[in-house]
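A.B. asks: Numbering (my numbering), first residue to last: 113 to 502.
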Amino acid sequence: MFRFELQATCPVTGARAGVLHTAHGDIETPVFMPVGTQAAVKSLLPRDLIQDLDAKIILGNTYHLYLRPGHETIRKLGGLHRFMNWPRAILSDSGGFQVFSLSHLRKVTDEGVDFQSHLDGSRHMFTPESTIDVQIALGSDIMMVLDECLEYPASHEAARVSMQRTVRWARSAHAHYRKHLDEQSSERPSDDGSRACSPGACFPIVQGSMFADLRRACAEQLLELNADGYAIGGLSVGEPRALSLEMTEVTAPLLPAEKPRYVMGVGMPEELPEYVARGVDMMDCVLPSRNARNGSLFTSEGRVLIKQAQYKDDPRPLDPACSCYTCQNFSRAYLRHLFFAGEISFATLATLHNLRHYLDIMREIRQCILFGKFPELLERVRAGGTRAPE
RNA sequence: GGACAGGUGGGUGAGUGGUUAAAGCCAACAGACUGUAAAUCUGUCACUCCUUGCGAGUUACGAAGGUUCGAAUCCUUCCCUGUCCA
């Protein structure tokens, strides 16, 4: 079911436009995927994501959904799509990021990650195999293998050891995934005529911290898996921005051209075309949604910190160039008021706008690639042409 | 008219002789946020000066006096607020 169709490649930069075909719809790439960790993009409804944003794919998280409400609960209720009433595609992260973000609550061993729940302190062993099982239970369209997202900075030796562990985990996870595929394809339709829904894809994750040789070595080993797509992880963990791009630049060309490339957890709006220029097809990041809730809004004229006093009486729309519901209907002064009043609708309006801004950027990038104009767009963004000076 | 209770920085509210320019919270102002433990977190928040230092000075806890080496804290008088009684 899962298939990546490459439609155009920028001859100058190598930026790609394509389509990801999944059981839950087609996804035009390059794509930005809103993050919906706990079966919800915070402050938004599926209706908002579909009608206002036309998001084609969102993220869910294995660690969080395993702990609450539990993947078996979700399976019983018809899978994650039905559970959260999201008919489109879902990519699930494996919990590898929680190895980084909840580092004080876990212990990494060769077998996997021993997490202590941030909810009740109970202990849970996550293995390459178990995280695949959980993601199968969720019914994810794109599953991620368990990886070790390493902190920055890390020594070359520590990064090498960690990377090799990630590779071993990827092999185990992928073997487990393949086994599941085989079992499922040999399964006959059940008596009531229903079949288990078609299996999602499975992506391994390139690690190697900020060391080019380790990134290359990791990519080479993961290529042997002949996976459906490949991710670049371990970025945006505190390193300088230039390094994140450099590591992407080192890694992406090693990955198969006919398969999608996913850089995990990036980036700022002006960085999106930079990643695409390095051959990246998929990205996700909590910045647009989290920053929205914290009053940091991205616009075509730069960042607006809506809490600043200068917006107190500002009747203008947040971004005059934006056609989202927020910008079409409300003033900056009103948004500022909602923020300070602690009104829930602020989070909704702000998130709606920020995600729309990201998705619009990606749509523009895609159009430029298809029409051979991507280098110009990249140049314009690099010149800060669409951004107001700070 | 009488009896209590009380007046602290923009608000609220700790503090009852000395590490108090005065806790905490709120407001205000500024900032951070990158595969979400986040509707979270951080900083500033009397004024002036400089050699920007856990620096110097000035003003400040209703008002004015007083006690004391030292007072937001103790005493006196006055003003004001609240509750109750006539």
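Where is the CB? At the ideal position from N, CA and C, for every residue including glycine.
It should be emphasised that the depicted structure is a prediction, and the values quoted were computed from it without experimental measurement.
Under three-state DSSP, which class holds M369?
C.D. replies: Note that residue 369 corresponds to Ala in the displayed sequence, not to Met. A369 falls in the coil class under three-state DSSP.
A.B. asks: Could you tell me which of T174, L461, F238 sits nearest to L165, measuring between CA atoms?
C.D. replies: Ranking T174, L461, F238 by CA distance to the CA of L165 puts L461 first.
A.B. asks: Which residues in the same chain have their Cβ closer than 6 Å to the Cβ of H133, if we skip the five residues on either side of it in sequence?
C.D. replies: R115
A.B. asks: Can you tell me which of the three DSSP states A313 falls into?
C.D. replies: strand
A.B. asks: Closest to K419 by CA distance: which of H193, L399, R444, I162 is it?
C.D. replies: Among H193, L399, R444, I162, the Cα nearest to that of K419 belongs to R444.
A.B. asks: Should the region 238 to 251 be called in touch with the region 189 to 198, which here means at least 3 C-beta pairs below 8 Å?
C.D. replies: Here the region 238 to 251 lies against the region 189 to 198, with 3 or more beta-carbon pairs under 8 Å apart.
A.B. asks: In three-state terms, what does DSSP make of P429?
C.D. replies: strand
A.B. asks: How big is the Cα-Cα spacing for R468 and A151?
C.D. replies: C-alpha separation (whole angstroms): 19 Å.
A.B. asks: Report buried or exposed for T360, applying the criterion of at least 16 other Cβ atoms within 10 angstroms of its Cβ.
C.D. replies: buried
A.B. asks: Taking I473 as the reference, give the member of R428, D425, S412 with the closest Cα.
C.D. replies: S412
A.B. asks: Just how far apart, CA to CA, sit Y374 and Q440?
C.D. replies: Answer to the nearest angstrom: the Cα atoms are 32 Å apart.
A.B. asks: Helix or strand or just coil, what does DSSP make of A270?
C.D. replies: Helix, per DSSP.
A.B. asks: According to the Cβ coordinates, are A127 and V362 closer than 8 Å?
C.D. replies: no
A.B. asks: Where does A249 fall in DSSP's three states?
C.D. replies: In this structure, A249 counts as helix in the three-state DSSP scheme.
A.B. asks: Nearest by alpha-carbon distance to G172: which of M275, F323, K154 is it?
C.D. replies: K154
A.B. asks: Relative to the C-alpha of V398, which residue among F209, G130, K219 is closest?
C.D. replies: That would be F209, whose Cα lies nearest to the Cα of V398.
A.B. asks: Would you say the beta carbon of L367 is closer than 7 Å to some non-hydrogen atom of the ligand GDP?
C.D. replies: Ligands displayed in this structure: none; no statement on the ligand GDP is therefore possible.
A.B. asks: By DSSP, does E117 sit in helix, in strand, or in coil?
C.D. replies: strand
A.B. asks: Please classify R290: does DSSP put it in a helix, a strand, or coil?
C.D. replies: helix
A.B. asks: Could you give the residue range of the beta strand (DSSP E) that holds S408?
C.D. replies: 408 to 411
A.B. asks: What's the gap between the Cα of K168 and the Cα of G391?
C.D. replies: Between K168 and G391, the C-alpha separation is close to 20 Å.
A.B. asks: Name the DSSP bridge partner or partners of E140?
C.D. replies: V131
A.B. asks: For T149, list the residues DSSP reports as bridge partners.
C.D. replies: A152
A.B. asks: Could you check how far apart the C-beta atoms of M322 and E351 are, in whole angstroms? I think they sit under 8 Å.
C.D. replies: 6 Å
A.B. asks: Please state if the CB of D396 and the CB of G130 are separated by a distance shorter than 8 Å.
C.D. replies: no
A.B. asks: Touching or not, the region 264 to 279 and the region 327 to 336, by the rule of three or more beta carbon pairs under 8 Å?
C.D. replies: yes
A.B. asks: Return the residue from the list H216, V378, P199, E383 that minimises the CA-CA distance to H230.
C.D. replies: H216
A.B. asks: Let me check one thing: in DSSP terms, what residues is R277 bridge-paired to?
C.D. replies: DSSP output for R277 lists no bridge partner at all.
A.B. asks: Classify E241 as buried or exposed, calling it buried when 16 or more other Cβ atoms lie within 10 Å of its own Cβ.
C.D. replies: buried
A.B. asks: Looking at the strands, I want to know which residues DSSP matches up with Y374.
C.D. replies: A343, M394
A.B. asks: Name the two residues that bound the continuous beta strand (DSSP E) containing K424.
C.D. replies: K424 -> no beta strand (DSSP E), and no H or E assigned at all.
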